[in-house]
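Student:
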Amino acid sequence: RYPYSHCGLAAGSAVQFSVSFSNNRSLTWDWLTAGHTANFESHSATLKIVFGADVGRFNFTCIVGNAAGNWQTADSIDVVPQLSEFLRLSMTYIPEPVPLNATLSFEMIRGSPISNLPISCYAKLQPNSHRNFSKTLQPVGIFNEILTFSEDSPFALANVTCWNQLSSITAAYYVILQQNITSLWFNSSQTVVPTNHTFQLEFSVTTGSHVTYQINLGNGSTFSVTDGQILAWKASESLNLSYESPGLYVITNVASNFHTQSERRSLSVLVQNPVRSADLTGT
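To convert, take the position in the sequence shown, counting from 1, and add 74; that gives the numbering used here.
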């Protein structure tokens, strides 16, 4: 970020150099102030300006003149930043079934009012697609790129790489591509059990990903079970439980994920106190 400009002079004497940049900075040099009095007709000087915070393309004008007249030329300098210092990347989306649109946001930080930032980017959207795009960022506002995920899978990984002439940055984003829930199956290993006896509930869905089951035990207690599989239909889940008090308990179960919810399923379990003794009398 430390470029310099050069104004050359093929012929002339007792001259003054004036270089002005589009960021309102300027440099001047003249033969008398510089003490070039020993050689009146030959001058050599190097003018340096440091762009410590500004980035972008800066126009400059160089005027060389003396009492006899002026000579002028114009050009530009590209001040290229280290992207890690000047570019902020972020991704936002709502988990839902494919096609899912995610917003990749680019924000210039530490830019000056005249800054611009030309960059190129490559996004690999696993498992099977990719995108190439370019942006020229201004210092105010956030510029968005929409990335569309269309693979029918429960998740994806977006690897984003952006670069300019000098540097690059890479960011990875995990994206949940949800599968809708269909057909909740709910079963109990036993429907008549003694008190304090452990039995098992089993449940699964026909399709669905990232599923959570909400189970109401019918006695004021609830359980939340998060499926151990990303794809919930690959294996059923289970819950072991017992009841201390006798009664008829109606147990309900509903499966949900980020976007969908199953129909509610119910089953009944009769809990009885075991018969431990009996008296038989006759008259």
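For each residue, glycine too, the CB sits at the ideal point set by N, CA and C. Small disclaimer: the values here were computed from a predicted structure and weren't measured.
Go ahead and pull the three-state DSSP assignment for Leu-191.
Tutor: Strand at Leu-191.
Student: Of the residues Gln-253, Thr-244 and Val-234, which one's Cα is nearest the Cα of Asp-226?
Tutor: Closest by alpha carbon: Gln-253.
Student: May I ask you to report which of helix, strand or coil DSSP gives Phe-158?
Tutor: According to the sequence provided, residue 158 is Ser. The question's Phe does not apply to it. Ser-158 falls in the helix class under three-state DSSP.
Student: To the nearest whole angstrom, what separates the beta carbons of Tyr-287 and Phe-277, a pair I think is in contact under 8 Å?
Tutor: About 6 Å separates the two Cβ atoms, so the contact holds.
Student: I'd like the list of long-range same chain contacts for Ile-220, defined as Cβ closer than 7 Å, with 5 residues on each side in sequence excluded.
Tutor: Counting only Cβ-Cβ distances below 7 Å, and skipping sequence neighbours, we find Asn-175 and Thr-177.
Student: I'd like the list of long-range same chain contacts for Pro-192, defined as Cβ closer than 6 Å, with 5 residues on each side in sequence excluded.
Tutor: If we look at Pro-192 and ignore the five residues flanking it on each side, its Cβ neighbours are Thr-210.
Student: For Lys-308, which of helix, strand or coil comes out of DSSP?
Tutor: Reduced to three states, the DSSP call for Lys-308 is helix.
Student: Any idea if Asp-301 is buried or exposed, counting beta-carbon neighbours within 10 angstroms, 16 or more meaning buried?
Tutor: With 16 or more Cβ atoms within 10 Å of its Cβ, Asp-301 is classed as buried.
Student: Please determine, among Glu-170, Val-345 and Ser-312, the residue with the shortest C-alpha to C-alpha distance to Glu-318.
Tutor: Nearest option by C-alpha distance: Val-345.
Student: Using only alpha-carbon positions, find the residue among His-271, Ser-94, Arg-339 and Leu-157 that is nearest to Asn-261.
Tutor: That would be Arg-339, whose Cα lies nearest to the Cα of Asn-261.
Student: Ser-189 and Gly-130 - do their beta-carbons sit closer together than 7 Å?
Tutor: In contact: Gly-130 and Ser-189 (Cβ atoms closer than 7 Å).
Student: In the DSSP assignment, the beta strand (DSSP E) including Thr-334 goes from what residue to what residue?
Tutor: From DSSP, Thr-334 is part of no beta strand (DSSP E); its letter is neither H nor E.
Student: Quick check on the DSSP output: what are the complete alpha helix (DSSP H) runs of length 4 or more inside the stretch 176–257, in order along the chain?
Tutor: With a minimum length of 4 residues, no continuous alpha helix (DSSP H) run stays inside the stretch 176–257.
Student: Ile-137 and Ser-92 look like a contact to me (Cβ under 8 Å); what is the Cβ gap, rounded to whole Å?
Tutor: That belief holds up - the Cβ atoms of Ile-137 and Ser-92 are roughly 5 Å apart, short of 8 Å.
Student: Less than 8 Å between C-beta atoms, sequence neighbours within five positions excluded: which residues of the same chain meet that for Val-328?
Tutor: Closer than 8 Å at the Cβ level, and outside the excluded window around Val-328, lie Leu-258, Tyr-287, Gln-288, Gln-335, Ser-336, Glu-337, Arg-338 and Arg-339.
Student: Pick out whichever of Val-214, Pro-213, Glu-181 and Asn-233 has its Cα sitting closest to the Cα of Arg-205.
Tutor: With distances taken between Cα atoms, Arg-205 lies closest to Asn-233.
Student: Please say whether Thr-244 and Thr-235 have beta carbons closer to each other than 7 Å?
Tutor: Contact flag set, yes.
Student: Give me the Cα-Cα distance between Ser-298 and Ser-316, rounded to the nearest whole angstrom.
Tutor: Cα to Cα, the separation comes out at about 16 Å.
Student: Could you tell me which of Asn-144, Phe-125, Val-324 and Phe-207 sits nearest to Leu-275, measuring between CA atoms?
Tutor: If we check each option's Cα against that of Leu-275, Val-324 comes out closest.
Student: Buried or exposed for Tyr-76, please, with buried defined as at least 16 other CB atoms from any protein chain shown within 10 angstroms of its CB.
Tutor: Residue confidence for Tyr-76 is low, a pLDDT of 45 falling below 50, so the modelled location carries little weight and cannot support an answer.
Student: Which residues does DSSP pair with Asp-104 in a beta bridge?
Tutor: BP columns for Asp-104 point to Gln-90.
Student: In three-state terms, what does DSSP make of Ser-96?
Tutor: In the structure shown, Ser-96 sits in coil (DSSP, three-state: anything other than H, G, I, E or B).
Student: Count the other C-beta atoms from every protein chain shown that fall within 10 angstroms of the C-beta of Gly-292, then say buried if there are 16 or more, exposed otherwise.
Tutor: Gly-292 comes out buried.
Student: Does the Cβ of Asp-128 have 16 or more other Cβ atoms within 10 Å, making it buried, or fewer, making it exposed?
Tutor: Buried is the call here.
Student: For Gln-200, which residues of its own chain have a beta-carbon under 6 Å away from its beta-carbon, when the five flanking residues on both sides are left out?
Tutor: If we look at Gln-200 and ignore the five residues flanking it on each side, its Cβ neighbours are Ala-230 and Leu-231.
Student: Between Gln-156 and Met-182, how many whole angstroms is the CB-CB distance? I'm expecting something under 8 Å.
Tutor: Not quite, the Cβ-Cβ distance comes to about 13 Å (not below 8 Å), so this is no contact.
Student: What would DSSP say about Thr-365, mapped onto helix, strand or coil?
Tutor: One cannot answer for residue 365 here, as it falls past the ends of the chain, which runs 75 to 357.
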